[in-house]
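The structure under discussion appears below in the form of structure tokens.
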Ligand SMILES: Cc1ncc(COP(=O)(O)O)c(C=O)c1O
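Residue numbers (this note's numbering): 1 to 424.
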């Protein structure tokens with residue numbers, strides 16, 4: 001398969017309008033060569049401009065000390081505003097609906113403080129079975145903190161008939177059956193394990209019909225798929241920026257609050273000084289006046305170095321365009337799926353547990369090894385492919401349109417074939 005597929009990949013790469021973005025990233029090296037990096041679903045690569053963005057803030061601090069808050073090209077006091085225009089495009093929202101702050105789980109707790117207010121029998125939170133552990137812990141502890149019982153108030157929806165993923169109909173039916181007992185639906189945009197991309201609009205609509213809120217964890221969706229949070233009427237969404245958004249390990253998180261809740265100053269929330277009217281922030285008069293946008297959910301002043309790193313990558317997203325990236329991403333992932341399904345060596349050894357409909361997935365394919373174990377993953381690592389492993393037997397692999405090529409996909413599948421053949 002390799003020669004023919006490689007020729008096809010070379011043709012696709014040579015006509016790819018986004019191909020040059022690859023040169024703007026640092027690739028981990030193995031034996032003096034770039035690794036085949038297919039792990040942007042876990043930690044995105046470092047843009048070459050990141051250093052300069054961070055250095056510029058270190059310089060500002062060195063040269064101006066505390067005055068850096070109010071001087072220079074990007075004064076720190078309003079630094080969070082620098083990412084808004086790019087983020088708004090990436091998640092399909094208004095600039096007044098998005099802010100970069102804290103980290104994902106912290107933002108989830110802040111959002112639940114506002115959107116999980118159990119009253120009487122309306123006390124349940126619906127999540128998917130197999131949710132990311134941090135999300136599970138967060139909703140579990142939130143229910144406990146509200147005096148509820150996670151045994152009865154935390155509902156985990158499992159796919160019927162042993163399927164690997166949930167259909168939108170199943171999710172909507174569950175929401176309808178929970179009816180006025182449901183307080184909050186908390187779903188992923190893209191599921192971390194299966195790679196399934198959920199229908200945010202239908203989930204939000206169904207939740208609203210029964211009087212519940214709908215919030216989304218976009219860790220694996222942001223910068224990966226096309227999102228329309230405002231028009232889809234999500235109440236809130238949270239994300240991290242170290243995966244597809246390439247902002248570095250532990251990088252600043254993100255929050256979307258729909259404008260209808262932002263401008264309602266009586267939406268309950270936890271407050272801190274950075275969410276308070278910025279004109280009156282330093283009057284120190286203890287009169288809480290939340291900013292009537294998502295900014296009203298900020299607690300603390302901005303982590304400048306982490307945010308600077310975020311801006312370096314967002315500049316690349318602005319240049320490439322999220323819609324163009326998605327278009328290339330669909331082609332990369334489709335090619336990988338096709339090569340695996342048509343490979344004599346792989347077709348009876350690997351089950352792709354990610355939906356085959358390209359509109360129900362992002363970049364990632366989750367490959368379930370039917371007859372082999374972690375040694376296959378180790379072979380890939382030893383042969384210069386970086387990807388990740390999830391228990392019990394899944395290799396997650398994500399070709400990322402900003403820096404992966406079609407040749408990366410072909411080379412990966414070829415090394416995977418070798419790994420499986422090698423096992424005998
Ligand atoms: C789906 C999902 N949710 C939550 C988290 C936790 O993120 P953080 O450590 O930024 O709170 C992660 C981290 O990888 C994740 O993948």
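The C-beta atom is built at its ideal place from N, Cα and C for all residues, glycine as well.
A quick note: this is a predicted structure, and the numbers were derived from the prediction, not measured.
Who pairs with residue i in a beta bridge, going by DSSP?
i, result
"residue 37", "386"
"residue 125", "154, 184"
"residue 213", "184"
"residue 457", "As shown, the chain starts at 1 and ends at 424. That puts residue 457 outside it, with no answer to give."
"residue 196", "361"
"residue 409", "According to DSSP, which records beta bridges pairwise, residue 409 is partnered with nothing at all."
"residue 66", "Answer by DSSP bridge pairing: none, since residue 66 is not bridged."
"residue 201", "Answer is none; residue 201 lacks a bridge partner."
"residue 119", "122"
"residue 225", "None; residue 225 has no bridge partner."
"residue 139", "DSSP output for residue 139 lists no bridge partner at all."
Work out the CA separation of residue j and residue i for me, nearest whole Å.
i, j, result
"residue 81", "residue 351", "44 Å"
"residue 300", "residue 221", "26 Å"
"residue 140", "residue 134", "10 Å"
"residue 374", "residue 272", "46 Å"
"residue 263", "residue 289", "12 Å"
"residue 2", "residue 58", "48 Å"
"residue 22", "residue 286", "50 Å"
"residue 32", "residue 384", "11 Å"
"residue 17", "residue 405", "11 Å"
"residue 90", "residue 24", "20 Å"
"residue 376", "residue 219", "27 Å"
"residue 322", "residue 226", "7 Å"
"residue 313", "residue 241", "10 Å"
"residue 130", "residue 395", "16 Å"
"residue 194", "residue 269", "33 Å"
"residue 307", "residue 423", "45 Å"
"residue 340", "residue 15", "23 Å"
Got a sec? Which residues, its chain only, sit under 7 Å from residue i by beta carbon, not counting five neighbours each side?
i, result
"residue 144", "150"
"residue 355", "165, 196, 361"
Who are the near neighbours of residue i in its chain, counting only those whose CB is closer than 6 Å to its CB and skipping five residues on each side?
i, result
"residue 39", "386, 387, 388"
"residue 318", "86"
"residue 434", "For residue 434 there is no data in the structure shown, the boundaries of the chain being 1 and 424."
"residue 302", "79, 80"
"residue 329", "363, 401"
"residue 298", "101, 274, 275"
"residue 19", "13"
"residue 198", "187"
"residue 132", "192"
Decide if residue i is buried, meaning its Cβ has at least 16 other Cβ atoms within 10 Å, or exposed.
i, result
"residue 403", "buried"
"residue 110", "buried"
"residue 152", "exposed"
"residue 52", "exposed"
"residue 249", "exposed"
"residue 147", "exposed"
"residue 284", "exposed"
"residue 217", "buried"
"residue 246", "buried"
"residue 310", "buried"
With a CB to CB cut of under 8 Å and the five nearest residues on each side skipped, what residues in its chain are close to residue i?
i, result
"residue 230", "92, 93, 94, 97, 258, 259"
"residue 294", "96, 97, 98, 99, 255, 256, 257, 262"
"residue 208", "214, 233"
Considering only residues of the segment 73–113, which uninterrupted beta strand (DSSP E) runs meet the minimum length of 3 residues and lie entirely inside it, listed in chain order? When DSSP assignments are scanned along the segment 73–113, the uninterrupted stretches of beta strand (DSSP E) that are 3 or more residues long and fall wholly within it turn out to be 98–100.
Whole alpha helix (DSSP H) runs in the segment 317–404 with 4 or more residues, listed along the chain? Entirely contained in the segment 317–404, the alpha helix (DSSP H) runs reaching 4 residues are, in chain order, 322–341, 374–382.
In the segment 268–311, which residue ranges form an unbroken alpha helix (DSSP H) of at least 4 residues, counting only runs that do not cross its ends? You should have found no qualifying run.
Ignoring anything shorter than 4 residues or poking outside the segment 231–266, list the alpha helix (DSSP H) runs there in chain order. Taking only runs of at least 4 residues, the alpha helix (DSSP H) segments lying wholly in the segment 231–266 are 259–262.
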